[in-house]
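Line by line, the protein sequences are chains A, D, W, Y, P, L, C and F. The first sequence runs 14 to 80 under my numbering. The second sequence runs 14 to 80 under my numbering. The third sequence runs 2 to 181 under my numbering. The fourth sequence runs 2 to 181 under my numbering. The fifth sequence runs 1189 to 1551 under my numbering. The sixth sequence runs 1189 to 1551 under my numbering. The seventh sequence runs 193 to 440 under my numbering. The eighth sequence runs 193 to 440 under my numbering.
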Amino acid sequence: MAVIKIKQNYCKGCLLCVPVCHNKSLVISETINEYGLHPIKFREDAECDGCKKCAIMCPDVAIEIYN
Amino acid sequence: MAVIKIKQNYCKGCLLCVPVCHNKSLVISETINEYGLHPIKFREDAECDGCKKCAIMCPDVAIEIYN
Amino acid sequence: MTEKIILAGFGGQGMMLLGKLLAQAAMADGKYVTYFPSYGTEVRGGTAVYYLIISNEEIFSPLIEEADTLIVMNQPSYQKYKDMLKPDGLLVLNSSMIKLNNLSDVKTYQVPATEIASKLGNVLVSNIVMLGAYLAIKKLFSASLILDQLQAMLKGKKGNLLTINKQALDSGMQVIKTIS
Amino acid sequence: MTEKIILAGFGGQGMMLLGKLLAQAAMADGKYVTYFPSYGTEVRGGTAVYYLIISNEEIFSPLIEEADTLIVMNQPSYQKYKDMLKPDGLLVLNSSMIKLNNLSDVKTYQVPATEIASKLGNVLVSNIVMLGAYLAIKKLFSASLILDQLQAMLKGKKGNLLTINKQALDSGMQVIKTIS
Amino acid sequence: MKQLLTGNEAAAEAAIQAGCRYYYGYPITPQNELINYMSVRMPEVGGTFIQAESEIAAISMVHGSAAAGGRAMTSSSSPGISLKQEGISYLAGSELPCVIVNIQRGGPGLGDISASQADYFQAVKGGGHGDYRTIVLAPSSVQEMADLVYDSFDLADKYRNPVMILGDAQIGQLMEPLEFHRKPKKNLPAKNWSLTGAEGRKRNIVKSFYPVKGQLEEFNAHLQKKYKVIEENEVRYEAINIHEADIILVAYGTSARICKEVVKKSQQYEFRVGMIRPITLWPFPKEIIRKVSERVECVLTVEMSAGQMVEDVKLAVEGRCPVHFYGRTGGGVPTSLEIIKKIVEIVPDNRAANTLLQLAEVK
Amino acid sequence: MKQLLTGNEAAAEAAIQAGCRYYYGYPITPQNELINYMSVRMPEVGGTFIQAESEIAAISMVHGSAAAGGRAMTSSSSPGISLKQEGISYLAGSELPCVIVNIQRGGPGLGDISASQADYFQAVKGGGHGDYRTIVLAPSSVQEMADLVYDSFDLADKYRNPVMILGDAQIGQLMEPLEFHRKPKKNLPAKNWSLTGAEGRKRNIVKSFYPVKGQLEEFNAHLQKKYKVIEENEVRYEAINIHEADIILVAYGTSARICKEVVKKSQQYEFRVGMIRPITLWPFPKEIIRKVSERVECVLTVEMSAGQMVEDVKLAVEGRCPVHFYGRTGGGVPTSLEIIKKIVEIVPDNRAANTLLQLAEVK
Amino acid sequence: MHAIYEKPKTFVDKATHFCPGCGHGIVLRLIAEIVDAWGIRGKTIGLAPVGCAVLAYNYLDIDMCEAAHGRPPAVATGIKRVHPDHVVFAYQGDGDLAAIGTAEIIHAANRGENITFIFVNNAVYGMTSGQMAPTTMLRQKTATTPSGRDPINSGYPIRVCELLAVLEGSSYLERVSLSSPENIRKTKKALEKGFKTQMEKKGFSLIEILSPCPIYWRMDANEAMRYIDEEMSRTFPLGVVKDWEHKN
Amino acid sequence: MHAIYEKPKTFVDKATHFCPGCGHGIVLRLIAEIVDAWGIRGKTIGLAPVGCAVLAYNYLDIDMCEAAHGRPPAVATGIKRVHPDHVVFAYQGDGDLAAIGTAEIIHAANRGENITFIFVNNAVYGMTSGQMAPTTMLRQKTATTPSGRDPINSGYPIRVCELLAVLEGSSYLERVSLSSPENIRKTKKALEKGFKTQMEKKGFSLIEILSPCPIYWRMDANEAMRYIDEEMSRTFPLGVVKDWEHKN
Ligand SMILES: Cc1ncc(C[n+]2csc(CCOP(=O)(O)OP(=O)(O)O)c2C)c(N)n1
Ligand SMILES: Cc1ncc(C[n+]2csc(CCOP(=O)(O)OP(=O)(O)O)c2C)c(N)n1
Ligand code: SF4
Ligand code: SF4
Ligand code: SF4
Ligand code: SF4
Ligand code: SF4
Ligand code: SF4
Ligand SMILES: [Mg+2]
Ligand SMILES: [Mg+2]
């Protein structure tokens, strides 16, 4: 089980990471960041196996993955 | 039998017309033209059947052919 | 009368249109008007700011050194431009996106424009909500003059676009009435 | 002493080299010298003209308004530049290629350079024939000084090139002796 | 009927109304509204719009259409205008009428996209090679942008010469109400030099090459004569308060608007500020500046540059009175307060200082 | 040992001796001897010679090599120099040292290949966009060509600024004896701004883009300060007879040689002609001209143009004495007789006239 | 805690100025990853274009140079001649490389310059507000093709790899895309191959990357990725176009 | 007396400035012959290059325009838009077209400009004293490749027809030569086809003509013609490269 770190003020809410996660673990948040955009967040209780697809997809280097 | 007219002051003596004449009718002359070059001339008593190859080859529009 | 307005927001939040509607109305009303977008840089993203001046007299510099009114859509815009408002100026802000730290002198109106627009079914009309609020406060022009401009601009577009814009304008005006 | 020479001929007749040999000799002799090719135009063909000035004093303009000497290789060059020669100037012409119409004041030397060069086996050295003639008339430098320059320039080239050039220089000098 | 347009759009629409049917451009901020507008409008009027592969291609296409007798235009901003310099020199050397719009941005190099007036030298002295001139017009409002673009085509045709519109990021992107109310001028010379196919006439050749000795000098003499006629006939400027003024401001385009504000503020005071706003930067209104310099205390040139037009002002004044300079560079736009402070600094006489400091307070 | 070389070849050889190892060029008459020479010599010294696909590519390659810390050079003639204007503006804006040689020919447009001085404005005022300056050096003999090219690399490195050598067809193609006798200057600042790979240090960035509001203005202020230092320290000129002269000729490069002849001829006469020959066209020797203008009867500027440097002369003189102009355009080179006649015309005092008419006869 | 994926060290810790969903961020990140992995920060020099990636040097922690619009190939040539053993790459957009810079890229390829070109094809001029690019697809609407690109007026989308393949000087040419994690992995491989081509002195390499510009395609980011797969890759087929390792 | 061959009327009665044996004279004469034969003097507009043929307008008795070096395709585009029904042709050398003018010719082809390009490839910069051209052959000595063109430093000879063939906008591309009366006849045919392509509004056509420059090839004129056959035609194979009439 891996852990996802999302940099709130780097994420621009483009949602590119959302569909690539086979666990559907990423969702849009309600909070508003510096840009006035909704960054994504890790869905509560969701799974992550550290496949890196979300990070690979992210144009803003907003996702880091640890385990 | 065709007649060749060579414009002495247009001919630059490049000799491109010489080898293409199957009758070997064109030769270099001894006279010197405006450029200080030897223009070609029609060899005395030579043949010309008006094949135009010399005129086609001439870069200086120096040859005209009549019959 | 000279009204100097700074409009600022994230690119895509429709501040350009907000200002243009005001400028068109001012023109229709026979006023002098200058409307100037200040592209900060040749670079994408970030804050877009527009300078709008409406006056009864010839306008010289279209730049604004001190604004009568500041309309801001998000936190970074607010941060960046708040000091350009004159001491007793008017501040209209999108409270859905701006957390306020204590403001002293200025008259402040907090309009939850994004929320209202969301509820109307299209976040993109939050700018029109802000416009409605501004109109209700400063009453420079009648709502109908603005609606004329909107109508002209949306000509050829889908009919329901006009409807939702009308609703947005209205909601913005209502908010002010409620607040005050 | 200031000697202003105009050299003119059809491109390819070697006037550039003729002038350069003289210029090098002048330099070796400690003289001031300017050597200026005047490309009339960005266009091929036609006449090439070179301005050579040799002097004991600093030379200002390398252009020549009035020449002490005119060395010409063909009819069009002669036609074009004859009026630039000063009234009592020196004219050296390639009589193989130039028909003279009456010249009054100027000292004229007619050198059948092309014929001589042809006889030597290479028309291309007709310029050196002219150089020999000029040397024999004006005696600015010794033939050996010129030969030094020639030798330096032909270094690495085929040996017989130097020989034929020597012969050409010599023939040019001889012609003058015969004429005068 | 009034319209609210940017200066860039006003320029484009005015060109079309002036009969320009050949527009060639390449995107660059801050003139994008112009090219974008043209891409929509040109097809509507049956004209040609080409987004060229580069600024060089664009000016070359203008060369072609102008040579063929069409009214042609291109536009760009500073770096793109630098690329066009060879082409402009060719157009001037071929005596081809055309209009080139430069919406200046900050330089040098890539610089920035904010407003600037640092291409004055390039436009007025000639950024290209050789002794040529382009007529240079400097609008200071959106309305004037339209009016001058309109006139520029007539001027170009009248003199067979390129005309440059020298704007800046501010005038290009500013929106102001304007009206298109000009009708085409009549009596322009027929373009019988143009390339239309040599049907029933001698061939026409459009060129700038004069390889025969003496010809190029002759041609240059002809150009200089033409330029003299233009200098005698086409100078334009706006003069405000010049008869009573103690000090004269000289400024054009965007910076002139701010100077106007200073002039207006000063009207109620004892110390009088007047101004001359060159509308043609070439030919430069040197006569009026010379005249004025004979009686005022000094002249202050205000530019958004490190000091370029100020040289032409000095050349006009020739030492008759001091010429001062106030400038902002790299996208900075002077404010009226800054200008007033500068005036106080250069006129250290009490009367002026007092008056103006009051003004400064008014802001 | 003396060599007989053309000015073009002298420039090339001097560059190589000054340590230039990166040369990028494109053929154009009358600078072909330079590029041709480089193609032979650069490989011999292990340097880079590229015949670029265009003048624009060539100046951009210079940009790259200069940014990487090399001594780089390009050369061309008028139309090609026009094409380089954007690149030159970028080099100035990136503060990159390099040397650009312009062997001017007649313009505008394709013009002709004969000698001209009509690119003065372009070189000195800035043919590119923005407020920048290039140091401009104007040799008037083949020896001086070599000497100035030599110095130009040091100047470029010292100030991190492009240097232009402004020659013309005559100086480029003229052969004169010359000697290469200069040794490299020492104590130039290390190029620790250059791109060498960021091994063990913070990254270096070479750029001219300043998109954050205010930065570009700051950068321009820095440039202007640098330019002031250059103006204070690097002015060069040759002055002849200026203390006794009644009239001063101002001329550079090729036209200065002819003026020198006039000065020399006049030495034996009562009416004295002096001369100032600017060697740096920018920074312009305005101080000395201003000083001289306080006592002479008038100044006569002689150029191979319709009148360009004369503006800088006037700006230096500021009305202190009359400034006259004599020019030939489009390949015409003034003769000493023409200049003397002009002097007689502008100094209609008998002493001068008599003296000079004598001179005219001497020719 | 052990990192599975972290921001590359060579990527400066700083939010980019790109629009949400823009491909430029991905490409710059990949470059940073390679520089990190290969430890070549000290011998790498990059060229930033004039285009949306103009500020590339703000994000990549390596020596970098600006080039005038279209001129990165020539500027890179100038740099490479001074540092022949460094890794020099130029990053260019489609306007930069295929319009104003056409001559420069063709001749750099023809000279076989030993440089790696990273060509970000987003079918549009992003920076100047979405005008047509040489690679804009037929019928695509842009700011200067308001009714869609029509070949009669505006020509055809230019296939840069195929064009450069004709030149003997080009060694490695591949077209990749950013439309999925899988494709991004291939893109990284292609970039590595480009750098390798250079480090082994095999000459000119260019990697063309189909990259989304959601703003001027007027799509959301995920739609844009689908557009790359469904439309753009038809006009611009993915794959190796030329490879010095597999010449026959 | 009846004429079998006479100077074309459209060829001005005037000696040319070309060197002896130069191919430019032949090409200009062929153009004049076609203009005569087809009677199109009144609707033909030509573009002269900057190169040895700069004075083409002195010899062709038709309306003609100068273009800056490399820009004939763009200038011709500007003319053609004003006179879409005229025959517009541009005459260009290899330096003009394949070096400084690379971008212009590629994009004119890509736009499918309905213009005829006459591309005189003499493998050298004639006008500026014989420097390398993009089409100079490997090992060929020129003023700037004193020891012969080496691809390591100077790249490869560019095959213009093959390059342009990749672009969808090009319609007719053929390479011909002037080396013999037979080849000159074919050249004339190709020129006719180019003009026909334009008159039938079929788009972009370019005829590449291998042409001798005896001066800078340092050969006599007949040797130069042999060189075209024996060397040059190997690097630049003769024949049709693309033809709208024979598309499959
Ligand atoms: C000489 C010049 N011309 C034009 C511009 C304006 N300009 C900046 S970026 C750009 C093109 C951007 O398109 P592209 O290269 O595709 O990059 P993108 O922004 O799409 O990544 C243009 C035309 C400029 N800066 N300089
Ligand atoms: C901008 C510019 N650069 C360079 C030149 C110089 N120039 C004139 S013709 C020419 C090239 C000639 O070669 P080519 O096009 O092959 O024509 P050719 O003379 O061989 O027929 C050059 C570089 C110029 N006139 N303008
Ligand atoms: S690493 Fe893989 S599983 Fe984990 S959140 Fe990202 S995409 Fe989903
Ligand atoms: S891809 Fe990156 S920027 Fe986009 S939503 Fe996901 S984390 Fe945010
Ligand atoms: S026409 Fe034919 S036969 Fe007659 S001279 Fe010419 S080549 Fe010979
Ligand atoms: S081909 Fe023409 S120019 Fe050459 S020798 Fe024959 S007639 Fe004379
Ligand atoms: S405009 Fe397009 S290319 Fe530019 S940053 Fe935005 S999405 Fe990216
Ligand atoms: S130099 Fe070559 S191309 Fe030019 S005219 Fe002479 S032979 Fe012809
Ligand atoms: Mg793009
Ligand atoms: Mg050629």
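Built from N, CA and C at the ideal position, the CB exists for glycine as well.
Quick check: is the beta carbon of Gly15(Y) nearer than 8 Å to any beta carbon in chain D? As a working note, residue 15(Y) is residue 14 in the fourth sequence. No, because no Cβ of chain D sits closer than 8 Å to the Cβ of Gly15(Y).
Tell me which same chain residues have a C-beta within less than 7 Å of the C-beta of Asn327(C), skipping the five on either side of it? Translated into the one-based positions of the seventh sequence, residue 327(C) becomes position 135. A small correction: the amino acid at residue 327(C) is Thr; Asn does not occupy that position in the sequence shown. The residues are Asp286, Ala290, Asn313, Ala315, Pro349, Ile350.
Who are the near neighbours of Gly1252(P) in its chain, counting only those whose CB is closer than 6 Å to its CB and skipping five residues on each side? Walking along the fifth sequence from the start, residue 1252(P) turns up at place 64. Excluding residues within five positions, none has a Cβ falling inside 6 Å.
Contacting positions in the stretch 45 to 69 of chain D - beta carbon closer than 8 Å to chain Y: Here the close residues are Ile45, Glu47, Tyr48, Gly49, Leu50.
Can we say the stretch 1446 to 1454 of chain L touches the stretch 1401 to 1412 of chain L, given the rule of at least three CB pairs closer than 8 Å? no
Pairwise C-alpha distance: Ile76(D) and Cys67(D): Your numbering for residue 67(D) matches position 54 in the second sequence. Your numbering for residue 76(D) matches position 63 in the second sequence. Rounded to whole angstroms, the separation of the alpha carbons of Ile76(D) and Cys67(D) is 7 Å.
Under the criterion of a Cβ to heavy atom distance below 7 Å, does Cys27(D) qualify as lining ligand 6? Here residue 27(D) is taken as the residue at index 14 of the second sequence, counted from 1. Yes - ligand 6 has a heavy atom lying nearer than 7 Å to the Cβ of Cys27(D).
Looking at Thr202(F) and Arg233(F), is the spacing between their C-beta atoms short of 8 Å? Translated into positions along the eighth sequence, residue 233(F) becomes position 41. Translated into positions along the eighth sequence, residue 202(F) becomes position 10. Yes. Within cutoff.
Ignoring anything shorter than 3 residues, give me the beta strand (DSSP E) runs that lie fully in the stretch 236 to 314 of chain C, in order along the chain. 236 to 240, 255 to 258, 279 to 285, 308 to 313
Excluding the five sequence neighbours on either side, which residues of its own chain have a C-beta within less than 6 Å of the C-beta of Ile55(Y), listed in chain order? Looking up residue 55(Y) in the fourth sequence gives position 54. Excluding sequence neighbours, Ile55(Y) sits near Glu4, Ala27, Lys32, Val34.
Which residue wins for smallest C-alpha separation from Leu121(W), given the options Tyr135(W), Phe142(W), Leu163(W), Ser145(W)? Within the third sequence, numbered from 1, the residue matching residue 121(W) stands at position 120. The residue with the shortest Cα to Cα distance from Leu121(W) is Leu163(W).
With Gly133(Y) as the anchor, note down where its alpha helix (DSSP H) starts and where it stops. Along the fourth sequence, one-based indexing puts residue 133(Y) at 132. Counted as a single uninterrupted DSSP element, the alpha helix (DSSP H) harbouring Gly133(Y) occupies residues 127 to 139.
As assigned by DSSP and simplified to three states, the class of Met1261(P): Indexing the fifth sequence from 1 puts residue 1261(P) at position 73. Note: Met1261(P) maps to strand in three-state DSSP.
State the start and end residues of the unbroken alpha helix (DSSP H) segment that holds Met9(Y). Taking the first residue of the fourth sequence as position 1, residue 9(Y) is located at position 8. Per the sequence shown, residue 9(Y) should be read as Ala rather than Met. First-last for Ala9(Y): 3 to 11, but that is the beta strand (DSSP E), not the alpha helix (DSSP H).
Excluding the 5 residues preceding and the 5 following Gly431(C) in the sequence, name in chain order all residues of the same chain whose CB lies nearer than 8 Å to its CB. As a first step, residue 431(C) is located in the seventh sequence; it is residue number 239 there, counting from the start. Same-chain partners within the cutoff: Glu366, Arg367.
Rounded to the nearest angstrom, what separates Asn306(F) and Pro276(F) at their Cα positions? What you label residue 306(F) is simply residue 114 of the eighth sequence in a count that begins at 1. What you label residue 276(F) is simply residue 84 of the eighth sequence in a count that begins at 1. So the alpha carbons of these two residues sit roughly 8 Å apart.
Bridge partners of Gly1252(P), per DSSP? The count along the fifth sequence starts at 1 and reaches residue 1252(P) at position 64. Partner(s): none; Gly1252(P) has no beta bridge.
Under 7 Å: does the beta carbon of Tyr1214(L) sit that close to some heavy atom of ligand 10? Translated into the one-based positions of the sixth sequence, residue 1214(L) becomes position 26. No, since every heavy atom of ligand 10 falls outside the 7 Å radius drawn around the Cβ of Tyr1214(L).
Are the Cβ atoms of Ala1245(P) and Ala1254(P) separated by less than 8 Å? As a position in the fifth sequence, residue 1245(P) is number 57, starting the count at 1. As a position in the fifth sequence, residue 1254(P) is number 66, starting the count at 1. In this structure, Ala1254(P) does not lie closer than 8 Å to Ala1245(P) by Cβ.
Label Arg1516(P) either buried or exposed according to how many other C-beta atoms from any shown protein chain fall within 10 Å of its C-beta, with 16 as the threshold for buried. Within the fifth sequence, residue 1516(P) is the residue found at index 328, counting from 1. By the 10 Å Cβ count, Arg1516(P) comes out buried.
First and last residue of the uninterrupted beta strand (DSSP E) at Ile1353(P): As a first step, residue 1353(P) must be located in the fifth sequence, where it is residue number 165. Taken as a continuous stretch (DSSP letters only), the beta strand (DSSP E) holding Ile1353(P) covers 1350 to 1356.
Nearest-angstrom Cα separation, counted from Lys1530(P) out to Leu92(W): On the third sequence, residue 92(W) is found 91 positions in, with the first residue counted as 1. On the fifth sequence, residue 1530(P) is found 342 positions in, with the first residue counted as 1. Between Leu92(W) and Lys1530(P), the C-alpha separation is close to 33 Å.
How do the stretch 44 to 59 of chain A and the stretch 220 to 236 of chain C stand: do at least 3 beta-carbon pairs fall below 8 Å, yes or no? no
Does DSSP put Ile1435(P) in a helix, a strand or coil? Position 247 of the fifth sequence holds residue 1435(P). If DSSP states are grouped into helix, strand and coil, Ile1435(P) belongs with the strands.
So who's on the other strand from His1410(L), going by DSSP bridges? The residue you call residue 1410(L) lines up with position 222 of the sixth sequence. Its beta-bridge partners do not exist; DSSP assigns none.
Closest Cβ-Cβ distance between Ser1443(L) and chain P: below 8 Å? The residue given as residue 1443(L) occupies position 255 in the sixth sequence. So no, Ser1443(L) is outside the interface.
Checking 8 Å against the spacing of the C-beta atoms, do Glu1499(P) and Leu1411(L) come in under that value? One-based indexing of the fifth sequence puts residue 1499(P) at position 311. One-based indexing of the sixth sequence puts residue 1411(L) at position 223. No, the pair does not count as a contact, with Cβ atoms beyond the cut-off.
Output the distance between the C-alpha atoms of Leu220(F) and Ala295(F), rounded to the nearest integer angstrom. Within the eighth sequence, residue 220(F) is the residue found at index 28, counting from 1. Within the eighth sequence, residue 295(F) is the residue found at index 103, counting from 1. Cα to Cα, the separation comes out at about 25 Å.
Near-chain C residues of the stretch 1378 to 1398 of chain L (beta-carbon distance less than 8 Å), N- to C-terminal order: Leu1383, Thr1384, Gly1385, Ala1386, Glu1387, Gly1388, Arg1391, Asn1392, Ile1393, Val1394, Lys1395, Ser1396, Phe1397
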